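Residue numbers (the numbering used here): 959 to 1513.
A virtual CB, placed ideally from N, CA and C, is assigned to each residue, including glycine.
Model, not experiment: these values are computed from the prediction.
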Amino acid sequence: MKQFLLTITFLCCCVFAFGQETTNAANWVVTKITGNNTVERPYEMIYGPDNRLWITERRDDVSGITGGKRIVRIDTTGANKTTMINFGTKVFTNAGQDGVLGIVAHPDLYANPATTVNNFVYASYTYSTNGLESGRRLRIVRLLYNNATGTLTEDTSLNANGAILEGLPASNDHNSGKLAIGSDLKLYYTIGDQGNNQFARNCLPILARVLPTFPDDFNNYPGKLLRMNLDGTVPSDNPTLGGVKSRVFNYGHRNMQGLQISSAGIIYSTEHGDKVDDELNIMVAAKDYGWPNIAGFYDNLGYEYTNNSLTTTCGGTLSTAQATQTEFQSFPTVPVDFVPPISTMFTSSATIPTGGNATWPTIAPAGLGLYENTEKKILGWGDNVLIPALKFNIIYRGKLTSDGLTIDGGSNNLVNWYQVPLGDRFRQVVVSPNGVSFYIVTDNTSATNPGSITKILYKGALEPTLSTNENTLDNVSLKLYPNPVSDSFYLTFSAQAFQNPKVSIIDLMGRIVMPAKAVQAKQAVDVSSLSNGVYLVNITDSNSQSVMKKLVIAK
């Protein structure tokens, strides 16, 4: 819970009408590419493998829009919104944080959108077992992508709903619901604390630090990051917590609505705090992130926890004062498995904030964007996190250190990367693979640009190339991971794009340190014999195509 930072407005405040381009600062162009309420209750947006924006629409209660409870896609020009799948009555929603939630596409689709092998897209949504709130649960489904039609269908080879996991707890609040797939080809899912201990759920205990007693103990899954195989089963290498190996990867979370995994395998998340300390975290297996006993850093500032379920108001035996503890009272010393955030947003004083939500020093982080500078991109940026906020009309940028593990310049060294002057609630920001185009989606409750998409284009200088031959081909989707690497890396690419590919490695002196050899997609390339440093990986094929990628070896 650090002191509030001095922010810098990178893009100046602006109000823009539909279709109007506004240059807010040198080298940046801002364009609102859709009209208001083009999207309905957006919750998650990803850059799809078909070079379109894929968006989950939570529900269908915006005036003038019908459909809802679906996944849609929109061209990056803002045109041609189409429905990829409509879940319809399968989705149960009657509140502000349920409905169609997360979405992620299998990495193989980015290598070849037309593939019919692993053409999987995963999504999460709430449903009801009895048509009532009492039966509300969460389902994670596997969908099949058809590149020819641009549609998704449920994978009924699994079951009628295409479910890989269902029956998870769901609520009217703090479902979280975000999905990501790591380079380990495991599916990660954020499940919030269900909004317990507040509002209508005031007397329900927070279970974020209560561990499952058996693998499918779903009742104790809330407040956790889950990790599962792509079929929903428990991975054999998941941590054993409290003597039980389950889908729980780590615990102690409130409401994680941002989830991204870097090419190096670092898992980043953003998390809503209470009255202070929204968090940017790095997810580590088997670790404790503190909630509800600790908010932000373990510093005893600006926060104390009242367990309402123990009070006489809720049928317990304690007064409110007796049920309240500071962080240091909960833990006289720092918990052994506690992992602090790499940044908080924010704490302005050591005292507990009063007043309403609008006055609290939180930003309400609704998503997370990840900008990786592994190719020719924005000069001086390096790797960054982009944090869209539902409060204060701001998207924050935090530059990461070279290892990706901390914020460059200190834990609260964030800047106001993009800001408008009035009432926009930013749901998500995504980065185009070209490294210079960014897309922002706003909530329908925004005052100025509700339910719309804005494009931000960088027109300035790019990072210098490592050699005059370093390049990417616009028509080739090729990824190298992990990067940095210690022993072996992998390449993903389309067999149609590369014919008989070969890979060689060159150091920065121009010396060939690994002669050309044939390679297949997802084949391990051993670099364990090479020293730490920066190299160029050159991929060529029989059609004389050549693509060069930067590789960092760090052991």
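Reduced DSSP secondary structure (H/G/I, E/B, other) of residue i
i            : result
residue 1172 : coil
residue 1191 : coil
residue 1157 : helix
residue 1330 : coil
residue 1286 : helix
residue 1197 : coil
residue 978  : Bear in mind that the predicted position of residue 978 carries a pLDDT of just 28, short of 50, making it unreliable; the figure below should be weighed with that in mind. Looking at residue 978 - three-state DSSP - the assignment turns out to be coil, as it is neither helix nor strand.
residue 1047 : helix
residue 1420 : strand
residue 1497 : strand
residue 1309 : coil
residue 1110 : strand
residue 1011 : strand
residue 1268 : helix
residue 1073 : coil
residue 1278 : coil
residue 1316 : helix
residue 1342 : strand
residue 1258 : coil
residue 1178 : helix
6 Å CB neighbourhood of residue i in its chain, flanking five on each side removed
i            : result
residue 1197 : 1243, 1244
residue 1503 : none
residue 1391 : none
residue 1066 : 1073, 1076
residue 1367 : none
residue 1200 : 1169
residue 1295 : 1245, 1246
residue 1269 : 1276, 1278, 1281
residue 1336 : 1416
residue 1500 : 1457, 1458
residue 1219 : 1138, 1140, 1225
Own chain, CB closer than 8 Å to residue i, minus 5 neighbours either side, in chain order
i            : result
residue 1417 : 985, 986, 987, 1394
residue 1288 : 1251, 1252, 1263
residue 1357 : 1339, 1340, 1341, 1342, 1365, 1366, 1367, 1371
residue 1321 : 1236, 1303, 1304, 1345, 1347, 1348, 1349, 1350, 1352, 1354
residue 1480 : 1448, 1449, 1450
residue 1095 : 1084, 1085, 1086, 1087, 1124, 1125, 1126, 1127, 1128
residue 1473 : 1462
DSSP bridge partner residues for residue i (one or two, in chain order)
i            : result
residue 1296 : 1246
residue 1127 : 1095
residue 1062 : 1080
residue 1100 : 1080
residue 1491 : 1511
residue 1413 : 989, 1397
residue 1357 : 1342
Rounded straight-line distance, which links the Cα of residue j to that of residue i
i            : j            : result
residue 1217 : residue 1487 : 34 Å
residue 1483 : residue 997  : 43 Å
residue 1446 : residue 1485 : 5 Å
residue 1426 : residue 1494 : Low confidence applies to residue 1426: its pLDDT is 34, below 50, so where it sits in the model is not reliable enough to give any reading.
residue 1413 : residue 1396 : 6 Å
residue 1009 : residue 1138 : 18 Å
residue 1162 : residue 1181 : 13 Å
residue 1186 : residue 1469 : 42 Å
residue 1146 : residue 1130 : 22 Å
residue 1041 : residue 994  : 18 Å
residue 1158 : residue 1053 : 12 Å
residue 990  : residue 1001 : 19 Å
residue 1017 : residue 999  : 6 Å
residue 1407 : residue 1298 : 35 Å
residue 1260 : residue 1005 : 38 Å
residue 1424 : residue 1194 : Confidence in residue 1424 is poor, its pLDDT being 46 and thus under 50, which makes the residue's placement unreliable; the coordinate value appears in the next sentence. Going from the Cα of residue 1424 to the Cα of residue 1194 covers about 41 Å.
residue 1290 : residue 1284 : 10 Å
Start-to-end residues for the beta strand (DSSP E) that takes in residue i
i            : result
residue 1473 : 1470 to 1476
residue 1236 : 1236 to 1240
residue 1350 : No beta strand (DSSP E) holds residue 1350; DSSP gives it neither H nor E.
residue 999  : Where residue 999 is concerned, there is no enclosing beta strand (DSSP E), given that its DSSP letter is neither H nor E.
residue 1375 : 1373 to 1377
residue 1137 : 1134 to 1139
residue 1465 : 1460 to 1465
residue 1389 : 1384 to 1389
residue 986  : 986 to 990
residue 1184 : 1182 to 1186
residue 1218 : 1214 to 1219
residue 1028 : 1028 to 1032
Opening and closing residue of the alpha helix (DSSP H) in which residue i lies
i            : result
residue 1069 : 1065 to 1069
Residues near residue i in its chain [Cβ-Cβ closer than 7 Å; skip 5 each side]
i            : result
residue 1046 : 1027
residue 1164 : 1151, 1154, 1155, 1181, 1250
residue 1120 : 1099, 1100, 1101, 1112, 1113, 1114
Residue i CB to nearest heavy atom of the ligand SAH below 6 Å
i            : result
residue 1200 : The ligand content of the structure shown is nil, which means the ligand SAH is not present either.
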